[in-house]
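Undergrad: Numbering-wise, the numbering used here comes out as the position in the sequence shown, counting from 1, plus 4.
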Amino acid sequence: MASQTLARHVPVLLPQVLEGLKAGDGGQFIDCTVNGGGHAEGILSHSTPTGRLLGIDLDPNALARSTARLRSFGKRAVFVQSNFAHLLAAAEAKGYRKVHGILIDLGLSSLQLASPHRGFSLQTEGPLDMRMDPSQELTAATIVNTWDQQDLANLLWEYGEERHARRIARRIVALRRDRSLTLVTDLVKIVQSVYGKGRQRIHPATRTFQALRIAVNKELESLQSVLEQARDLLAHGGRLVVIAFHSLEDRIVKGFLQRAAGRCICPGTIPRCVCNPRETLRVLTRKPIRPDEAEIAWNPRSRSARLRIAERI
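(1) Less than 8 Å between the CB atoms is what I'm expecting for residue 257 and residue 246, so what's the real figure, rounded?
(2) Please report the Cβ distance between residue 261 and residue 287, rounded to the nearest whole angstrom; I am assuming they are in contact, meaning their Cβ atoms lie under 8 Å.
(3) Is it buried or exposed, residue 280, if we count other Cβ atoms within 10 angstroms and call 16 or more buried?
(4) Am I right that residue 14 and residue 107 are in contact with their C-beta atoms under 8 Å? What's the rounded C-beta distance?
(5) Helix, strand or coil for residue 249? Go by DSSP, reduced to three states.
(6) When the Cβ atoms of the region 73-81 are set against those of the region 39-57, are three or more pairs found closer than 8 Å?
(7) Just confirm the distance between the C-beta atoms of residue 169 and residue 157, as a whole number of angstroms; I'd bet it's less than 8 Å.
(8) Report, in whole angstroms, the separation of the C-beta atoms of residue 103 and residue 32, which I expect to be a contact under 8 Å.
(9) Could you please give the first and the last residue of the uninterrupted beta strand (DSSP E) stretch that includes residue 69?
(10) Tell whether a beta-carbon distance below 8 Å holds between residue 105 and residue 25.
(11) Determine contact between the region 86-97 and the region 227-243, defined as no fewer than three beta-carbon pairs at a distance below 8 Å.
(12) Using the DSSP secondary-structure output, state which residues sit across from residue 234 in a beta bridge.
(13) Taking the alpha carbon of residue 314 as the reference point, which residue from 295, 305, 243, 133 has its own alpha carbon closest?
(14) Under 8 Å between the Cβ atoms of residue 80 and residue 101?
(15) Going by beta carbon distance, what residues of the same chain come within less than 7 Å of residue 23, once the five residues before and after it are set aside?
(16) In chain order, what residues of the same chain have a beta carbon less than 8 Å from the beta carbon of residue 208, not counting five sequence neighbours either side?
(17) In angstroms with no decimal places, state the Cα-to-Cα distance between residue 248 and residue 53.
Okay, structure coming up:
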């Protein structure tokens, strides 16, 4: 199964995604993170013979893989290389205006994690890169080697929820005085030295790598932007499906859906509502849908997935 996973993108929660989108004949759908094309293939297969799909991805390598995988669907599948923060512009350029379903899968694929030169995985040696778009200038190495200690600590705490953020930032600054930290192992060793040799439920560098990847690709800002645009692109009765993989993403998605359902999400310490909720979506998942034990067994990376569904009203 490992080799199959690396050779072909394995979509997370595929049956639940197809049910959530109500994928059927004649529909127009957008996959905002088409990646290896696994979800897109399922959507196109379920919307045969006339359903259409727009696949968007910032990663040109992922876009190439999905284009090859979906070639048999011909003109029913079109693609755009773009940050999904520009969803409206990408959809307008391809003639997608009022669509039946939009999927936002926020996870990395096994293929991205398995590419050493991308620097996403802490398990494989490679450069501290982490860019979805290889043409952009900012890399993880830039952040690690140029940001001051307080900014690094804030980043690790806010985006990684790393409890040792200050100690890790201090250690990074101390070691980079002697040489630049450019490799995945440079950073992994720093975090491991802070944690020590005790057993950890997850790899100790997981949160640090998460924080850097989010910052490099401006993931949370892009997510906030795409949710508003996706809501406005949906036709009446259209479905929005979002798969998040960590609490920061899911918190943003949940808050947006609550506001879009007309519920105030202001903290109790604020005397008057400032979040401006208006009822534009009906939330169809009271709690996020999680993968079952069987799916986790054959696709372990699905274990943290959280799927939420809403419908345009």
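Every residue, glycine too, gets a C-beta built ideally from N, C-alpha and C. This structure is a prediction, so every number in the text was calculated from the model and none was measured.
TA: On the basis of the data shown:
(1) To locate residue 257, count along the sequence shown from 1; it is residue 253. To locate residue 246, count along the sequence shown from 1; it is residue 242. That pair is a contact at about 5 Å.
(2) Along the sequence shown, read from residue 1 onward, the residue named residue 261 stands at position 257. Along the sequence shown, read from residue 1 onward, the residue named residue 287 stands at position 283. Contact holds; Cβ gap of about 5 Å.
(3) Within the sequence shown, the letter at position 276 stands for residue 280. By the 10 Å Cβ count, residue 280 comes out exposed.
(4) For the purposes of this step, residue 14 is identified with residue 10 of the sequence shown, where counting begins at 1. For the purposes of this step, residue 107 is identified with residue 103 of the sequence shown, where counting begins at 1. Not confirmed; about 15 Å, so no contact.
(5) Position 245 of the sequence shown holds residue 249. Shown here, residue 249 sits in coil according to DSSP, grouped into three states, outside any helix or strand.
(6) Flag = yes, the region 73-81 and the region 39-57 touch.
(7) If you number the sequence shown from 1, residue 169 lands on position 165. If you number the sequence shown from 1, residue 157 lands on position 153. About 5 Å separates the two Cβ atoms, so the contact holds.
(8) As a working mapping, residue 103 is identified with position 99 in the sequence shown. As a working mapping, residue 32 is identified with position 28 in the sequence shown. Contact check for residue 103 and residue 32: beta-carbon distance about 4 Å, within the 8 Å limit, so the pair qualifies.
(9) One-based indexing of the sequence shown puts residue 69 at position 65. Not the beta strand (DSSP E): residue 69 falls in the alpha helix (DSSP H), residues 64-73.
(10) Locating residue 105 in the sequence shown gives position 101, counting from the first residue. Locating residue 25 in the sequence shown gives position 21, counting from the first residue. Yes, the Cβ-Cβ distance between residue 105 and residue 25 is below 8 Å.
(11) Segments in contact, yes.
(12) Position 230 of the sequence shown, counting from 1, holds the residue named residue 234. DSSP output for residue 234 lists no bridge partner at all.
(13) As a position in the sequence shown, residue 314 is number 310, starting the count at 1. Looking at the Cα atoms, 243 is the closest of the given residues.
(14) Numbered from 1 along the sequence shown, position 76 holds the residue referred to as residue 80. Numbered from 1 along the sequence shown, position 97 holds the residue referred to as residue 101. No, the Cβ-Cβ distance between residue 80 and residue 101 is not below 8 Å.
(15) For the purposes of this step, residue 23 is identified with residue 19 of the sequence shown, where counting begins at 1. By the criterion of a C-beta distance shorter than 7 Å, residue 23 is surrounded by no residue of its chain, once the five residues flanking it on both sides are discounted.
(16) Within the sequence shown, the letter at position 204 stands for residue 208. Non-local beta-carbon contacts of residue 208 in its own chain, meaning distances under 8 Å to residues more than five positions away in sequence, involve 195, 196, 198, 199 in chain order.
(17) Counting from 1 along the sequence shown, the entry for residue 248 is found at position 244. Counting from 1 along the sequence shown, the entry for residue 53 is found at position 49. So the alpha carbons of these two residues sit roughly 30 Å apart.
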